[in-house]
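A.B. asks:
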Amino acid sequence: MALQKLITLDQFIIEKEKDFPYSKGELSSLLRNIGVAARVVNWEVRKAGLAGLLGAVGTENIQGEQQQKLDVYANEQFISALSACGDVCVIASEENDECIPVINEQSKNAKYVVCIDPLDGSGNIDVNASIGTIFSIYRRVSLSGPGRLEDCLQKGTEQVAAGYVIYGSSTMLVYTTGKGVNGFTLDPAIGAFCLSHPDMKMPQDGAIYSINEGNYIKFPEGVKKYIKYCQENDPATNRPFSSRYIGSMVADLHRNLLRGGVFMYPETAKTPNGKLRLLYECNPFAFIIEQAGGKASTGKSRIMEIVPTDLHQRTPIIIGSTMMVDKIEEFIREAE
Ligand code: AHM
Ligand code: MG
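Taking this note's numbering, the leading residue of the sequence shown gets 1, the next gets one more, and so forth.
1) Can you give me the Cβ contacts of V181 inside the same chain, cut-off strictly under 6 Å, excluding the 5 residues immediately before and after it?
2) Could you check if V325 is buried or exposed, using at least 16 other CB atoms within 10 Å of its CB as the buried criterion?
3) Closer than 7 Å by C-beta to N75: which residues in its own chain qualify, once you throw out the five before and the five after it? Chain order, please.
4) Here's a check: name, in chain order, each residue in its chain whose Cβ is nearer than 8 Å to the Cβ of G191, leaving out the five neighbours to either side.
5) Which of helix, strand or coil does DSSP assign to I227?
6) Rounded to whole angstroms, what's the CA-CA distance from F78 to C152? Just pull it up for me.
7) In whole angstroms, what is the alpha-carbon distance linking P188 and G163?
8) Check the DSSP bridge columns for P101 and list the partner residues they point to.
9) May I ask you to report which of helix, strand or coil DSSP gives K111?
10) Quick one: Cα of Q68 to Cα of T237, how far?
11) Closer than 7 Å to a non-hydrogen atom of the ligand MG - does that hold for the CB of E337?
12) In chain order, what residues place their C-beta within less than 5 Å of a heavy atom belonging to the ligand COA?
13) Classify P266 as buried or exposed, calling it buried when 16 or more other Cβ atoms lie within 10 Å of its own Cβ.
14) If I317 sits next to L276, beta carbons under 8 Å apart, how far is it from one beta carbon to the other, in whole angstroms?
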């Protein structure tokens, strides 16, 4: 039997440094540190039912959502890892109202900005369904000292790296630095993420649509018509499509990235900006999905072109296989 060479996340990151000839290794070191924090959080997620980590803390975050114990734990772990690594000048997190400038000796020359959703899909924690972490990395725009709000409010097109961790049937870390997408599976026996999904490519077309259909009545006309289109019988185009919705963006998008499909969280009259947050949910996924050959849109324009004005701003999102996103944009245009 031929022996298969195991490539760990750390080895891979170091190997890829040569894609960036002027790199001083800070981004590599930052990515490796995110990998370490993800392993720590994974450890707690795996024993949450035993360690008294299920359930709510009794506090709300700025978006009025109940914070779960694991939300708080994951947030603390990532913030302390990012603050201590010396490469990050400011952090924006879903769980903190304001951005967090990193003030310590080792971070005084830090170049990078991290926007993070430490534990996405919180509603799934207590029912043992997949949850995740989503992150986005930018170069700072301010000149020196601790980072500021302006460092966090950059367009998605300025991202230098983005990734997610899925705590699913296995734990995976998937990331891009703008040169394709690679996925690593955590091998619990050696405690390391190992390359399992090199150069991930999203199918251009698919037969899965993912949306919270309970909100159907509130959706814009174009989205309603697209849902009906998905349900029609037309074997030539593989319809009816399958409807798959976990309610964890990371899990829904990970499946669609592998299989082909589209994920939608549109606006409604009551929520004109949808639900999902631009900086630490939509932009990182837009970067990853585009890098894998897919598309990310508000329904009308490219997610990564939005100029952010607020840390926790939301945007409608239609993201996935390019041909499916194009089709929905067409339905939306025609309905106007
Ligand atoms: P969270 O960051 O509070 O967990 O909320 C984000 C999650 C996404 O993962 C998921 O796609 C969406 O909320 C599900 O929302 P809904 O229950 O309205 O369908
Ligand atoms: Mg979230």
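All C-beta atoms, glycine included, are put in the ideal place defined by N, C-alpha and C. Fair warning: this is a prediction, and the values are worked out from it, not measured in the lab.
C.D. replies: So, from the listed chains and residues:
1) Position 181 of the sequence shown, counted from the first residue, corresponds to residue 181. Taken in chain order, the residues that qualify are M200, I288, Q291 and A292.
2) Translated into the one-based positions of the sequence shown, residue 325 becomes position 325. Looking at its Cβ environment, which holds 16 or more other Cβ atoms inside 10 Å, V325 is buried.
3) Residue numbering aside, residue 75 sits at position 75 when the sequence shown is read from its first letter. Excluding residues within five positions, the ones whose Cβ falls inside 7 Å are S93, E95 and P118.
4) Residue 191 sits at position 191 when you count from the first residue of the sequence shown. Excluding positions up to five away in sequence, the list reads R39.
5) Position 227 of the sequence shown, counted from the start, is the residue given in the question as residue 227. I227: helix per DSSP, three-state reduction.
6) Taking the first residue of the sequence shown as position 1, residue 78 is located at position 78. Taking the first residue of the sequence shown as position 1, residue 152 is located at position 152. Distance between the alpha carbons of F78 and C152: 17 Å.
7) As a first step, residue 188 is located in the sequence shown; it is residue number 188 there, counting from the start. As a first step, residue 163 is located in the sequence shown; it is residue number 163 there, counting from the start. Rounded to the nearest angstrom, the two C-alpha atoms are 20 Å apart.
8) In the sequence shown, the residue the question calls residue 101 occupies position 101. P101 is bridged to V90.
9) Numbered from its first residue, the sequence shown carries residue 111 at position 111. In the structure shown, K111 sits in coil (DSSP, three-state: anything other than H, G, I, E or B).
10) Numbered from its first residue, the sequence shown carries residue 68 at position 68. Numbered from its first residue, the sequence shown carries residue 237 at position 237. In a straight line, the C-alpha of Q68 is about 42 Å away from that of T237.
11) No statement about residue 337 is possible, as the shown extent of the chain runs from 1 to 336 and does not include it.
12) With respect to the ligand COA, the structure offers nothing, as its ligand set consists of the ligand AHM and the ligand MG.
13) Here residue 266 refers to the residue found at position 266 when the sequence shown is read from its first residue. Under this definition P266 is a buried residue.
14) Position 317 of the sequence shown, counted from the first residue, corresponds to residue 317. Position 276 of the sequence shown, counted from the first residue, corresponds to residue 276. Correct: roughly 6 Å between the Cβ atoms.
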